[in-house]
Amino acid sequence: MRVDLKPVADLDDDERAALKALTAAVYPPVVVAASPGRRFQWARPDYSVLVWAPEGELVSHVGIVVRAGALDGAAVKIGGVGSVKTHPRAEGRGYASAGLRRAAAALHDDHQVAFSLLVCQEHLLPFYHRLGWIAFSGRLVVEQPTGRTVFTINRPMVLSGRRAAPEDGVIDLDGLPW
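In the numbering used here, the protein residues as written are 6 to 183.
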């Protein structure tokens, strides 16, 4: 397994093509059509963690966003984790876990975020919990083209960074969700 971390702007054509193929395998049109998230506008990642199988195939991806936001009205630097996907043929082999560990390390060490945040479907809570993420039971405020709104379609989870991860309160992303 090889794990690469790159700014999205630095992805080459082959990496972009591999990521497009991975996205198509994980999110075929029937899945996208049924997703409640299809109605949301999402932030594009600043960085990509690319996880390659020993055979050279891109099998997992984790997107990273670094954002100035707020926790209970106080300015904080938030690390965002999104666009997590693993090829269905490669699930259960530790690829996503490796990518998520690399993303968390980069956000903590390189970007020195106060905490990191992701949103996930209910059935994925135990997976992320095993990697140290905790449920956030407060309100998550995001921007959309129609204005500011409370994000409710997926469950927010947080991971400690330079401070303890908040379990409650109001997190304002001051922008699009990821």
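Ideal Cβ positions, reconstructed from N, Cα and C, are used throughout, including at glycine. The model shown is predicted, which means the values in this text are computed figures rather than measured ones.
Taking the C-alpha atoms as reference points, what is the distance between residue i and residue j?
i: V56; j: G104; result: 6 Å
i: S53; j: R43; result: 21 Å
i: A170; j: G74; result: 14 Å
i: D19; j: A26; result: 11 Å
i: G174; j: G78; result: 10 Å
i: I176; j: L76; result: 5 Å
i: V71; j: V147; result: 15 Å
i: G152; j: V8; result: 37 Å
i: V35; j: A29; result: 11 Å
i: D15; j: L145; result: 31 Å
Give me the DSSP bridge partner(s) of residue i.
i: W57; result: R7, L63
i: L145; result: I176
i: P161; result: V124
Under the rule that 16 or more other beta-carbon atoms within 10 Å means buried, what is residue i, buried or exposed?
i: Y32; result: exposed
i: G61; result: exposed
i: G97; result: exposed
i: L136; result: exposed
i: P182; result: buried
i: S142; result: exposed
i: A22; result: exposed
i: A38; result: exposed
Do the CB positions of residue i and residue j come within less than 8 Å of each other?
i: T91; j: A80; result: no
i: P50; j: V13; result: yes
i: R1; j: A119; result: The structure shown does not extend to residue 1, since the chain is modelled only from 6 through 183, so no value can be given for it.
i: H66; j: L24; result: yes
i: P59; j: M6; result: yes
i: Q149; j: F45; result: yes
i: L178; j: W138; result: no
*Between the stretch 126 to 143 and the stretch 154 to 165, do at least 3 Cβ pairs fall closer than 8 Å?*
yes
_Check whether the stretch 101 to 118 and the stretch 77 to 86 touch, using three or more Cβ-Cβ pairs below 8 Å as the test._
yes
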